[in-house]
Amino acid sequence: MSLSTRDRLTIGELAARSGNATSALRYYEELGLIQAERTPGGQRRYRRATLRRLAFVRAAQRIGLSLEEVRDALAHLPVDHVPSSADWSRVARAWQRRIDAQIAELERLKEQLSGCVGCGCLSLTRCGLYNPEDAAARQGPGPRYLLGDRPPAR
Ligand code: FES
1 MSLSTRDRLT IGELAARSGN ATSALRYYEE LGLIQAERTP GGQRRYRRAT LRRLAFVRAA
61 QRIGLSLEEV RDALAHLPVD HVPSSADWSR VARAWQRRID AQIAELERLK EQLSGCVGCG
121 CLSLTRCGLY NPEDAAARQG PGPRYLLGDR PPAR
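The sequence shown begins at 1 in the UniProt record's numbering and counts up by one.
Here it is, written out as structure tokens:
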């Protein structure tokens with residue numbers, strides 16, 4: 001039986017197909033993100049459906065979810081059968097607000113940065129790059145004005 005049709009995969013096969021290191025798979029298993037069955041010899045075997053969970057983990061991380069948040073999301077999937085598309089949709093809907101907020105944040109950042117490219121005004125009141133005497137540091141770490149903070153009044 002070929003790898004593409006087999007229902008149980010070794011950790012090496014799962015790693016190769018999912019693009020994750022075997023150490024990452026063991027870690028994900030430790031966190032409860034994926035589950036393995038054991039052969040009589042103690043080797044891990046993963047259901048093919050684990051690939052979908054791993055794709056979900058990868059996508060969730062790309063939108064900034066922590067592994068703990070991913071675990072919470074995956075906890076809403078059934079464990080007694082392979083999740084249906086309706087099950088996955090329900091889980092994905094919970095991300096909608098998060099994704100919308102991130103899109104809004106990226107749009108704001110894009111506007112700010114593209115406003116500065118070729119502008120050169122370094123305006124005290126509206127520029128996200130202008131930061132004389134590192135006044136932004138008083139508001140916390142990171143690029144404060146690009147994160148949405150306003151420069152202090154002068
Ligand atoms: S350089 Fe003009 S707004 Fe930033």
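Yeah, the Cβ is synthetic: ideal placement off N, Cα and C, and Gly gets one too. Bear in mind the structure is a predicted one, so any value in this text is a computation, not a measurement.
Residue of the options minimising C-alpha distance to residue i
i: Ser114; options: Asp100, Gln102, Ala101, Leu129; result: Leu129
i: Val82; options: Phe56, Arg48, Gln96; result: Arg48
8 Å contact criterion, which residue i and residue j should meet: CB distance rounded
i: Leu65; j: Ile34; result: 16 Å between Cβ atoms; not a contact.
i: Leu67; j: Leu31; result: 6 Å
i: Ser23; j: Leu51; result: With 8 Å as the limit, Ser23 and Leu51 do not qualify as a contact, their Cβ atoms being about 18 Å apart.
Cα-Cα separation, residue i to residue j
i: residue 183; j: Arg62; result: This structure does not reach residue 183, given that the chain is present from 1 up to 154, and the question cannot be answered.
i: Leu146; j: Asp134; result: 14 Å
i: Val91; j: Ser84; result: 11 Å
i: Pro151; j: Cys119; result: 18 Å
i: Asp87; j: Asp72; result: 14 Å
i: Gly41; j: Val79; result: 24 Å
i: Gln112; j: Asp7; result: 49 Å
Contact set for residue i: own chain, Cβ-Cβ below 6 Å, skip 5 residues either direction
i: Leu9; result: Tyr46
Other residues of its chain near residue i: CB distance less than 7 Å, five sequence neighbours each side excluded
i: Ala15; result: Ala21, Thr22, Leu25
Bridge partner(s) assigned by DSSP for residue i
i: Leu9; result: Tyr46
8 Å Cβ shell around residue i - same chain, five flanking residues per side excluded
i: Arg138; result: Pro152
Chain D within 7 Å of residue i, Cβ atoms only
i: Ala21; result: Although the question refers to chain D, the structure presented lacks it and comprises just one protein chain.
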